[in-house]
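First to last, the sequence lines map onto chains Z and V. For the first sequence, position 283 matches number 282 in numbering that gives the first Met the number 0, and the numbering has no gaps at all. For the second sequence, position 111 matches number 110 in numbering that gives the first Met the number 0, and the numbering has no gaps at all.
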Amino acid sequence: MAVRIEPVRIEPVRIEPLAPERAAALAGAYEGAVAASRRRSLAILVALLALVLLAGWLAEVRPLTLAENIGGFTAYLGRLVPPLAPATLPADLAAWYWGLPKWLALLGETLLMAYLATLLGGIGAFCLCFVAAANLAPSRSLRFLARRFLEVCRTVPEVVFALIFVIAFGLGPMVGVLALAIHSVGALGKLFSEVVENIDLKPVEGLRATGASWVETIRFAVVPQVLSNFASYGLLRFEINVRGASVMGFVGAGGIGQELLVAIRNFYNADVSAILLMIILTVVAIDLATERLRHAILGREAAR
Amino acid sequence: MLDRRTLLGAAALALAAFPAAAQDWKARYPELTLGVIPAENASGTVDRYTPLTAYLSREIGVPVKLRVAADYAAVIEGQRAGNIQLAFYGPASFARAAMTGVRIEPIVNQKHDNGASGYYSVLYVKADSPYRTLEDLKGRNLALVDPNSTSGNQAPRFFLQKAGHDVDRLFGKTFYAGSHENAVLALVQGTADAAANLWNSETDTMVTRMAAKGMLKNADGSPMRQSDFRVIFRSEFLPEGPFAMLANLPDDLKGRIREALVAMPRKDKAAFDRLSDGKDLDLTPVTLKDYQPIIEMLRFNDEQRKRS
């Protein structure tokens, strides 16, 4: 059956202009309100600026000094790179990377530390994130405890954990792995629990209605929804941990850090640039690899 | 036109300008910075050097500000950038600064209570440990101080090499504790089996200084003494590190700094005694030549590093 749509006639409505004094009063009030809000914004801006200046002054941050001495910084970067002439390039490169076997071994150790720390941290964060998420936590007090625990894990700097563990467990990469893993639990746990808080709750309700336990609900209603996000945060963390593991050697916790520290402190400038370049290239490689991995995971999910 | 009046005027102007030129550096350096290597932990270093900066401010006529650097290299970089005009170095960090092109002049160094303007580097182990010789330490952990520390890194490497041991091969792990005190603490805590450190005389070592501050305790809380540590290796004599200033400071200012430092043990004995807990006798003038052996030592170590 066809439906005929009747055109609707709209009666024009005449709007009476306001009495001039009323209009003037309203306009005045409007102007006043706008001006007040502008004044407030301006006051906040001025206060903010004053606080920034005060903070800078107290912390002895001097932008003018920075501007004056920026040349010193670029000069340092210039000093870092050794002379490389096109004619003698292979020899120059060999001299630059004289310590390549040693550095590669140390870099390998650094990567393994980062890998293990990310894995352990990821497992810890996975176990805690569902308890810490507002929409799934079995009880308020458990959630409170989980959240505070994650905060402790991520607010204490890795280097501090490493220093404590060096005293407790002695020197070596294990200390670095533990320190990085604990920080990863805290950081990933927060991100994971936020992912969990954003899920669609309908599958959860569906499973609960069948009488599934809490663990079963998590496994079949929540995990499939969050896994790809977890993987992408985990891979990002791996990248961050590679950088973090590079510093661990500073406190005797293994990896390439100590070699880098010695080179910086002793002004072995060519070595500093050589090692830094190796670390940067490694992080670039990891970034490219993890991006492909993440897309592969997402693609598989979309195909399902 | 050149007549008597203009000549007189010019002469008067020149006379008036002369003291102005002498005070000219005060406009360029309204404040000086004394950079100090962190041989001890930062608060201890501040206590030690604050009377010295007060004395220097009085003598030089401009405020002298104290900066305790986070590590030895920071003092070197500060001098290179010109932000630190006056610095207290260890011999190796001074040599490293001179080797890497910082134009500096050494002024004075400290004379210890045994009459020597220098000291030794030692390897400590705990007295109750089984280690008696260097061979016993094979595969054990060594706490060093800072890459630029003389007694805590460069001298042990150099003199152990001469004794037929490569530090990196002899020890299982070596690490930099950051300061002389931290290296001793690492040994006490058991993080390290041996620690490299400075040794001025029988009665003035890092251990006696830390014991005086109550920093060294046995597990049962009783204070540790020098006899709780055993020296299993001692280096040859090392010249004490200098106070040094930038070579490009105005001559007038340099003269004042030099005078003030040379006269300090007599002019302000309290401040001078504070530097060494009253253990030092005097400040003696030094020249770049006194540090030539240290520069050679660093060159040797740098070469050795690439060979091993």
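Note that CB positions come from ideal geometry on N, CA and C, so glycine has one too.
Put simply, the CB of residue 170 (chain Z) is near chain V, with a gap under 8 Å to one of its CB atoms. Assignment of alpha helix (DSSP H) within the segment 200-245 of chain Z, counting only whole runs of 4 or more residues, yields 201-208 and 213-216 in chain order. According to the DSSP secondary-structure assignment, residue 102 (chain Z) is paired through a beta bridge with no residue. Proximity of residue 165 (chain Z) to chain V, defined by a Cβ-Cβ separation below 8 Å, is satisfied.
Annotation: residue 39 (chain Z) to residue 55 (chain Z) spans about 24 Å, alpha carbon to alpha carbon.
Neighbours of residue 125 (chain V) in chain Z, taken as residues at a C-beta separation under 9 Å, are lacking, since the least C-beta distance is about 15 Å. Taken in chain order, the complete beta strand (DSSP E) segments of 3 residues or longer contained in the segment 68-127 of chain V are 85-87, 103-110 and 117-125. Chain-order list of chain Z residues neighbouring residue 174 (chain V): 170, 251 and 257, by C-beta distance under 7 Å. Around the C-beta of residue 180 (chain V), 16 or more other C-beta atoms lie within 10 Å, and the residue is accordingly described as buried.
DSSP places residue 276 (chain Z) within a helical segment (H, G or I) once states are collapsed to three. For residue 95 (chain Z), no Cβ of chain V is located within less than 8 Å of the residue's own Cβ. Listed in chain order, the positions of the segment 147-160 of chain Z with a beta carbon within less than 7 Å of a beta carbon of chain V would be empty, since no residue qualifies. Taking the C-beta atoms as reference points, residue 191 (chain V) is found no nearer than 8 Å to residue 147 (chain V). Non-local C-beta neighbours of residue 224 (chain Z) in its own chain, meaning closer than 6 Å and more than five positions away in sequence, comprise 198, ordered along the chain.
Residue 244 (chain V) is bridged by DSSP to V:85 and V:104.
Interface annotation for the segment 186-202 of chain V against chain Z: 188 and 190, criterion Cβ-Cβ distance under 7 Å.
Residue 242 (chain Z) and residue 82 (chain Z) have their C-alpha atoms spaced approximately 27 Å apart. Identification of chain Z residues near residue 99 (chain V) by a Cβ-Cβ cut-off of 8 Å yields 266, ordered along the chain. Annotation for residue 281 (chain V): the continuous beta strand (DSSP E) segment containing it runs 281-284. Taking CB atoms only, residue 107 (chain Z) has no neighbour in chain V less than 8 Å away.
In the structure shown, the three-state DSSP call for residue 32 (chain V) is strand. Across the structure, residue 182 (chain Z) and residue 149 (chain Z) are spaced so that their CA atoms are roughly 9 Å apart. Bounds of the alpha helix (DSSP H) holding residue 24 (chain V) are 23-27. Look at the segment 56-75 of chain Z: the residues with a C-beta under 7 Å from a C-beta of chain V are 68 and 71.
Pairing residue 217 (chain V) with residue 223 (chain V) gives a Cβ-Cβ distance under 8 Å. Annotated as proximal: residue 238 (chain V) and residue 108 (chain V), with beta-carbon spacing under 8 Å. Residue range 205-211 is occupied by the alpha helix (DSSP H) that includes residue 206 (chain V). Nothing from the segment 102-120 of chain V brings a Cβ to less than 7 Å from some Cβ of chain Z. Boundaries of the alpha helix (DSSP H) around residue 189 (chain Z): 172-196. Within a 10 Å sphere around the beta-carbon of residue 168 (chain Z) sit fewer than 16 other beta-carbons, which makes this residue exposed. Following the DSSP letters along the chain, one finds residue 157 (chain V) inside the alpha helix (DSSP H) bounded by residues 154-161. For residue 139 (chain V), no Cβ of chain Z is located within less than 8 Å of the residue's own Cβ.
Around the beta-carbon of residue 30 (chain V), fewer than 16 other beta-carbon atoms lie within 10 Å, marking it exposed. The CB of residue 261 (chain Z) comes closer than 7 Å to the CB of 146 in chain V, given here in chain order. CA-CA distance, residue 59 (chain Z) to residue 37 (chain V), rounds to 21 Å. Scanning its chain for C-beta atoms nearer than 6 Å, with the 5 sequence neighbours on each side dropped, one finds around residue 145 (chain Z) the residues 127, 130 and 131, in chain order.
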